[in-house]
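**Q** If you read the protein sequences in the order shown, they are chains R and D. So the first sequence is numbered by numbering that gives the first Met the number 0: it starts at 0 and just counts up by one. So the second sequence is numbered by numbering that gives the first Met the number 0: it starts at 0 and just counts up by one. We treat Cβ as the ideally placed atom computed from N, Cα and C, and that holds for glycine.
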Amino acid sequence: MTNKDYEQLNKKASPPSKSYINIPYAFLIGGIICTLGEFLSNTYQGMGMEQDTAGAVVSVTLVFLSALLTGLKIYDKIAKHGGAGTLVPITGFANAVVSPALEFKSEGMILGLGAKMFVIAGPVIVYGISASIVYGIIIFLFKLY
Amino acid sequence: MSSKLGKYTYRMDNPPSVLAYAAIGSKKESEGPLASYFDIINEDTTFGEKSWEKAESRLQKDAVNKALSKIQLSTGDIDCVFAGDLLNQCIGATFGLREMGIPFVGIYGACSNMAEGLALSALMVDGGAMKKTIAVTSSHFCTAERQYRFPLEYGGQRPLTAQWTVTGSGAAIVGERVSPPYIKAVTLGCIEDLGIKDANNMGAAMAPAAAATIKRFFEDTCTVPDNYDLILTGDLGQVGSDLLHQLLEREGYHLGKKQADCGLLIYDRETQDVHAGGSGCGCSASVLCSYILPAVKDGRIKNMLFVATGALLSPTSVQQGESIPGIAHLIHLSADDDTKTRPSTAGGM
Numbered sequence: 000m001t002n003k004d005y006e007q008l009n010k011k012a013s014p015p016s017k018s019y020i021n022i023p024y025a026f027l028i029g030g031i032i033c034t035l036g037e038f039l040s041n042t043y044q045g046m047g048m049e050q051d052t053a054g055a056v057v058s059v060t061l062v063f064l065s066a067l068l069t070g071l072k073i074y075d076k077i078a079k080h081g082g083a084g085t086l087v088p089i090t091g092f093a094n095a096v097v098s099p100a101l102e103f104k105s106e107g108m109i110l111g112l113g114a115k116m117f118v119i120a121g122p123v124i125v126y127g128i129s130a131s132i133v134y135g136i137i138i139f140l141f142k143l144y
Numbered sequence: 000m001s002s003k004l005g006k007y008t009y010r011m012d013n014p015p016s017v018l019a020y021a022a023i024g025s026k027k028e029s030e031g032p033l034a035s036y037f038d039i040i041n042e043d044t045t046f047g048e049k050s051w052e053k054a055e056s057r058l059q060k061d062a063v064n065k066a067l068s069k070i071q072l073s074t075g076d077i078d079c080v081f082a083g084d085l086l087n088q089c090i091g092a093t094f095g096l097r098e099m100g101i102p103f104v105g106i107y108g109a110c111s112n113m114a115e116g117l118a119l120s121a122l123m124v125d126g127g128a129m130k131k132t133i134a135v136t137s138s139h140f141c142t143a144e145r146q147y148r149f150p151l152e153y154g155g156q157r158p159l160t161a162q163w164t165v166t167g168s169g170a171a172i173v174g175e176r177v178s179p180p181y182i183k184a185v186t187l188g189c190i191e192d193l194g195i196k197d198a199n200n201m202g203a204a205m206a207p208a209a210a211a212t213i214k215r216f217f218e219d220t221c222t223v224p225d226n227y228d229l230i231l232t233g234d235l236g237q238v239g240s241d242l243l244h245q246l247l248e249r250e251g252y253h254l255g256k257k258q259a260d261c262g263l264l265i266y267d268r269e270t271q272d273v274h275a276g277g278s279g280c281g282c283s284a285s286v287l288c289s290y291i292l293p294a295v296k297d298g299r300i301k302n303m304l305f306v307a308t309g310a311l312l313s314p315t316s317v318q319q320g321e322s323i324p325g326i327a328h329l330i331h332l333s334a335d336d337d338t339k340t341r342p343s344t345a346g347g348m
């Protein structure tokens with residue numbers, strides 16, 4: 000039996016993820032989170048905030064809620080169904096920071112919580128900043144001419 | 000002394016007995032179909048300890064103590080303990096057993112640990128070097144998740160091929176022949192790798208090792224699946240079990256309904272959300288020591304093969320793009336010691 004033959008057998012034996020369930024759920028739960036964001040934004044603006052300020056406060060609110068739900072052991076249960084719907088919004092990023100912080104507290108505040116906090120979110124920050132630098136350079140070059 | 004059959008199998012000339020055994024589980028196991036067979040179920044997954052690693056150490060310590068207490072032995076009666084787990088540097092075993100004062104041999108065969116420990120125990124006892132040994136191993140869902148995968152509270156979706164690490168342990172005391180269950184033969188497995196790279200599909204990674212070891216045992220002993228009541232694999236889950244059947248079918252061995260898998264026995268896949276089944280060292284160890292060994296002792300199972308399987312990966316090897324090697328060791332357990340067909344022990348030494 001070669002590796003290729005076995006790969007074929009394995010493909011037949013392994014059930015694929017249920018996209019027909021996962022994708023609608025991601026749409027629904029991701030949509031609910033975004034609708035909540037819109038609702039908060041409108042509410043904050045109704046309280047007299049500028050649109051920019053309201054946007055920032057909405058982010059802060061969603062990050063707080065996500066962190067709170069992670070701590071209360073609820074977020075992972077929503078994400079189990081939400082999938083990409085809970086991963087892509089800012090709430091997913093907050094969960095990716097808070098969950099290792101909770102998990103690795105047992106190795107101490109410095110080398111555990113402090114060092115491991117960005118173990119999942121770290122790459123997003125690194126490549127997010129790198130991409131924004133490239134983007135900035137491109138814009139700069141366009142403005143020269 | 001054990002005699003070698005073929006290239007891979009050792010037949011016990013004086014089959015050692017499994018004198019006592021104990022199994023521990025936690026909440027998820029208590030909700031599964033085998034709950035009533037466990038010796039100790041602690042629904043608190045921390046087991047009252049401050050860290051998950053301490054909880055896992057506690058599992059091994061309690062399993063050994065429970066097994067010893069069943070036959071009124073103390074740690075001083077034991078010549079050696081063969082113990083291991085999935086954690087880096089096997090800290091589940093070493094910290095759990097450090098105060099016991101039993102000569103300690105740390106072993107690592109990933110989830111095949113129980114069969115590896117039993118094989119070494121049987122060879123040592125049958126060889127006459129030791130009188131009583133213990134094989135013990137454990138796994139804990141929370142320690143395995145944080146070492147191999149993601150933090151517990153991280154929100155992610157697990158693919159349907161993924162398995163659920165059992166929080167549990169099993170300990171078995173092996174000694175000279177007195178009563179069933181007897182260990183009649185062991186086959187030590189080779190590392191097998193058919194190129195599976197998906198760490199969320201360990202059943203597929205381990206199935207080739209299980210198939211190879213089972214085939215070698217049948218060849219070495221000139222037997223076929225029909226000679227056994229049960230062929231019990233460790234933690235292949237649904238995907239790995241399907242592949243095992245197909246691989247052995249190609250070699251001319253039809254397992255049919257003889258095969259069962261500890262990973263499929265311990266949980267109810269329909270209601271417990273475990274996807275392809277249970278896994279971890281504690282899976283095969285706790286199922287063997289709770290549900291299976293009593294049946295061999297009573298003679299409800301006369302002849303069976305226990306084939307625990309391990310995926311020999313590490314997070315580093317997976318990140319570096321390596322495939323996942325598998326291993327499987329086999330133990331032939333029997334309710335009957337065949338003394339009539341064996342030379343008497345008196346003539347030997």
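Output needed for A249 (chain D): all residues of its chain with C-beta closer than 7 Å, excluding positions within five of it in sequence on either side, in chain order.
**A** Residue identity check: residue 249 (chain D) is Arg in the sequence provided, not Ala. Cβ neighbours of R249 (chain D) beyond the five flanking positions: none.
**Q** Let me check one thing: in DSSP terms, what residues is D260 (chain D) bridge-paired to?
**A** DSSP, once it has assigned bridges, lists D:T232 as partnering D260 (chain D).
**Q** Does the CB of N87 (chain D) have a neighbour CB from chain R at under 8 Å?
**A** For N87 (chain D), the answer is no, since every Cβ of chain R falls outside 8 Å of its Cβ.
**Q** Nearest by alpha-carbon distance to M0 (chain R): which of D:F305, D:L246, D:S278 and D:I330 is it?
**A** Closest by alpha carbon: D:L246.
**Q** Where does Q88 (chain D) land, buried or exposed, given buried means 16+ other C-beta within 10 angstroms?
**A** Result: exposed.
**Q** Indicate the three-state DSSP secondary structure (helix, strand or coil) for C79 (chain D) in the structure shown.
**A** Looking at C79 (chain D) - three-state DSSP - the assignment turns out to be strand.
**Q** Quick one: Cα of D228 (chain D) to Cα of G127 (chain D), how far?
**A** Each residue's Cα considered, the two are about 30 Å apart.
**Q** Between the C-alpha atoms of K65 (chain D) and T132 (chain D), what's the straight-line distance to the nearest angstrom?
**A** Those two C-alpha atoms are separated by around 15 Å.
**Q** Which word fits H331 (chain D), buried or exposed, when buried means at least 16 other C-beta atoms lie within 10 angstroms of its C-beta?
**A** By the 10 Å Cβ count, H331 (chain D) comes out buried.
**Q** Can you tell me whether DSSP reads G347 (chain D) as helix, strand or coil?
**A** A caution first: G347 (chain D) carries a pLDDT of 37, below 50, which makes its placement in the model unreliable, though a value can still be read off. Coil at G347 (chain D), not helix or strand.
**Q** Straight-line CA distance for G188 (chain D) to A210 (chain D)?
**A** If I take the Cα positions, the gap works out to 10 Å.
**Q** Taking V177 (chain D) and L18 (chain D) to be in contact with their CB atoms under 8 Å, please state how far apart those CB atoms are, rounded to whole angstroms.
**A** About 7 Å separates the two Cβ atoms, so the contact holds.
**Q** Could you check if Y126 (chain R) is buried or exposed, using at least 16 other CB atoms within 10 Å of its CB as the buried criterion?
**A** The residue in question, Y126 (chain R), is exposed, as its Cβ has fewer than 16 Cβ neighbours within 10 Å.
**Q** Helix, strand or coil for M147 (chain R)? Go by DSSP, reduced to three states.
**A** This structure cannot speak to residue 147 (chain R), because chain R is shown only from 0 to 144.
**Q** From the DSSP output, in three-state form, read off T132 (chain D) for me.
**A** DSSP places T132 (chain D) in strand when its eight states are reduced to three.
**Q** What's the gap between the Cα of I300 (chain D) and the Cα of S333 (chain D)?
**A** Spanning the two alpha carbons is a distance of roughly 8 Å.
**Q** State buried or exposed for Q59 (chain D), treating a residue as buried only when at least 16 other CB atoms are found within 10 Å of its CB.
**A** Its Cβ being crowded by 16 or more others within 10 Å, Q59 (chain D) is buried.
**Q** Taking Cβ positions only, does I77 (chain R) come closer than 8 Å to chain D?
**A** Yes, I77 (chain R) counts as interfacial toward chain D.
**Q** How about G169 (chain D) and G281 (chain D): do their beta carbons lie closer than 8 Å?
**A** Yes. Within cutoff.
**Q** For H328 (chain D), which beta-bridge partners are listed by DSSP?
**A** According to DSSP, H328 (chain D) bridges with D:A307.
**Q** Taking just the CA atoms, how far does C110 (chain D) sit from A204 (chain D)?
**A** Between A204 (chain D) and C110 (chain D), the C-alpha separation is close to 12 Å.
**Q** Is the segment 268-282 of chain D in contact with the segment 230-239 of chain D, if contact means three or more CB pairs nearer than 8 Å?
**A** Enough Cβ pairs lie closer than 8 Å, so yes.
**Q** Let me see if you follow: with CB-CB separation under 8 Å, is Y144 (chain R) close to chain D or not?
**A** Not closer than 8 Å to any Cβ of chain D, the Cβ of Y144 (chain R) fails to qualify, so no.
**Q** Have a look at D:S25, D:A21 and D:S73 and flag the residue whose alpha-carbon is nearest the alpha-carbon of M113 (chain D).
**A** Residue D:A21 is the option with its Cα nearest to M113 (chain D).
**Q** Rounded to whole angstroms, what's the CA-CA distance from T166 (chain D) to E175 (chain D)? Just pull it up for me.
**A** Whole-angstrom Cα-Cα distance: 31 Å.
**Q** V96 (chain R) lies in the alpha helix (DSSP H); which residues open and close that run?
**A** That run of the alpha helix (DSSP H) goes I89 to E102.
**Q** Let me make sure I understand the geometry here. Which of D:G325, D:C261 and D:L304 has the alpha-carbon closest to that of S283 (chain D)?
**A** Of the candidates D:G325, D:C261 and D:L304, the one whose C-alpha sits nearest the C-alpha of S283 (chain D) is D:C261.
**Q** What three-state label does DSSP hand E191 (chain D) in the structure shown?
**A** Reduced to three states, the DSSP call for E191 (chain D) is strand.
**Q** Terminal residues of the continuous alpha helix (DSSP H) containing T34 (chain R)?
**A** S18 to G45 is the extent of the alpha helix (DSSP H) around T34 (chain R).
**Q** Classify L18 (chain D) as helix, strand or coil using the three-state DSSP reduction.
**A** Strand at L18 (chain D).
**Q** Would you list, in chain order, the members of the segment 77-100 of chain R that have their beta-carbon closer than 8 Å to a beta-carbon of chain D?
**A** Flagged, chain order: I77, A78, K79, G81, G82, T85, L86, G91, N94, A95, V97, S98 and P99.
**Q** Check whether the segment 151-158 of chain D touches the segment 71-80 of chain R, taking contact to mean three or more Cβ pairs, one atom from each stretch, closer than 8 Å.
**A** Contact between the segment 151-158 of chain D and the segment 71-80 of chain R is present, because at least three Cβ pairs lie under 8 Å.
**Q** Roughly how many whole angstroms lie between the Cα atoms of P224 (chain D) and V96 (chain R)?
**A** Rounded to whole angstroms, P224 (chain D) to V96 (chain R) spans 51 Å at the Cα level.
**Q** Taking P158 (chain D) as the query, report the chain R residues whose CB atoms sit under 8 Å from its CB, ordered along the chain.
**A** S16, listed in chain order.
**Q** Contact defined as beta carbons within less than 8 Å: I believe L33 (chain D) pairs with Y290 (chain D). What is the distance between those atoms, to the nearest angstrom?
**A** The pair is a contact, with the Cβ atoms about 5 Å apart (cut-off 8 Å).
**Q** For Y43 (chain R), count neighbouring C-beta atoms within 10 Å of its own C-beta (all shown protein chains included) and say buried if the count is 16 or more, exposed if not.
**A** Looking at its Cβ environment, which holds 16 or more other Cβ atoms inside 10 Å, Y43 (chain R) is buried.
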